[in-house]
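Here the structure is laid out as structure tokens; the discussion comes afterwards.
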Amino acid sequence: MTESAITTLYEQTLDKLEHLTERQKLVLRAALKLFASQGFEATSTAQIAAEAGVASGSVYKQFKNKQELLVAVLAPLFQGTLDAMADEFADSAFNVEYETLEDFINALVVDRMTYIHDNFQEIRLLFGQLLTNSTFTTQVKSFFGEQLQKLVVPTINRLQKENKMVNLPHDIIFEMAFGMVVAYFGKILIGLDCRTLEEETKYVSQLLIKALRV
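Here full-length UniProt numbering is used: position 90 in the sequence shown is 90, and no number is missing along the way.
In structure tokens:
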């Protein structure tokens with residue numbers, strides 16, 4: 001299954017939010033696009049209004065300032081977008097029972113690194129908020145903590161029980177696996193030369209398999 005882009009899931013969430021007017025939805029879509037592509041600080045309210053096809057004054061009428069607009073942009077993530085992302089991740093990476101450590105790691109690494117590659121701009125925006133917005137960080141930490149327990153931990157437990165994965169604590173395994181995947185995001189973020197996505201996923205998978213093999 002091909003996972004939907006974050007922007008697609010975000011728009012689907014907006015369509016379901018009946019408390020928002022159509023004009024507010026236009027502004028939120030435009031703000032997400034511009035905040036993700038050129039950064040929060042570099043985006044003006046006038047640019048958002050132009051992208052949304054509304055008057056600048058109407059943006060200020062709906063949102064007191066740009067910071068309030070950013071909060072409004074992030075809100076739909078916890079009103080359906082993240083849930084949809086998790087459901088698609090489950091269908092894409094956990095629709096089979098992995099018989100070997102190699103199959104599990106290869107599938108997980110390819111899925112997550114491809115998702116980062118395809119949704120880099122939006123993930124960069126969310127990452128910036130993780131560094132500066134404690135409320136947002138707490139919400140994201142809680143959500144993804146629950147998803148890891150539900151989706152990833154059962155497979156780890158089974159592979160460890162079958163003596164196919166080294167018996168390390170879950171948090172250490174998460175640090176190793178997601179640390180390498182996030183490092184790929186970091187390389188793109190700061191402009192380091194990257195190999196092709198296929199090569200990057202191959203090397204990350206090889207390192208993790210060697211580290212976690214019994």
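The C-beta atom is built at its ideal place from N, Cα and C for all residues, glycine as well.
Keep in mind the model is a prediction, meaning the values are calculated, not measured.
Answer yes or no: the CB of residue i versus the heavy atoms of the ligand ADP, is any distance below 7 Å?
i: Glu18; result: Ligands are entirely absent from the displayed structure, and the ligand ADP is therefore not among its contents.
Once you ignore the five residues that flank residue i on each side, which residues in its own chain have a CB closer than 7 Å to its CB?
i: Tyr115; result: Glu3
i: Lys187; result: Cys194
i: Gly80; result: Thr13, Lys16
i: His170; result: Val153, Ile156
Does the separation of the CB atoms of residue i and residue j fall below 8 Å?
i: residue 280; j: Thr45; result: Coverage of the chain is limited to positions 1 through 214, which leaves residue 280 absent and any answer about it impossible.
i: Asp111; j: Ala93; result: yes
i: Ile209; j: Glu102; result: yes
i: Leu70; j: Phe143; result: no
i: Val54; j: Val73; result: no
i: Leu32; j: Met85; result: no
Return helix, strand or coil for residue i, following the three-state DSSP convention.
i: Phe63; result: coil
i: Asp193; result: coil
i: Gly145; result: helix
i: Phe94; result: coil
i: Thr43; result: coil
i: Pro154; result: helix
For residue i, which residues in the same chain have their Cβ closer than 6 Å to its Cβ, ignoring the five residues on either side in sequence?
i: Gln24; result: Gln62
i: Val214; result: Asn163, Val166
Between residue i and residue j, what straight-line distance do the alpha-carbon atoms span, to the nearest angstrom?
i: Met165; j: Ala211; result: 9 Å
i: Lys161; j: Ile123; result: 35 Å
i: His19; j: Glu175; result: 39 Å
i: Pro76; j: Ile190; result: 28 Å
i: Glu11; j: Gln206; result: 37 Å
i: Thr201; j: Phe40; result: 30 Å
i: Leu126; j: Phe104; result: 27 Å
i: Phe89; j: Ala36; result: 22 Å
i: Gln147; j: Thr100; result: 22 Å
i: Glu22; j: Ser56; result: 16 Å
Within its chain, find whatever has a CB closer than 8 Å to the CB of residue i; leave out the 5 residues flanking it on each side and keep chain order.
i: Leu34; result: Thr43, Gln47, Ile48, Glu51
i: Val204; result: Val109, Met113, Met180, Val181, Tyr184
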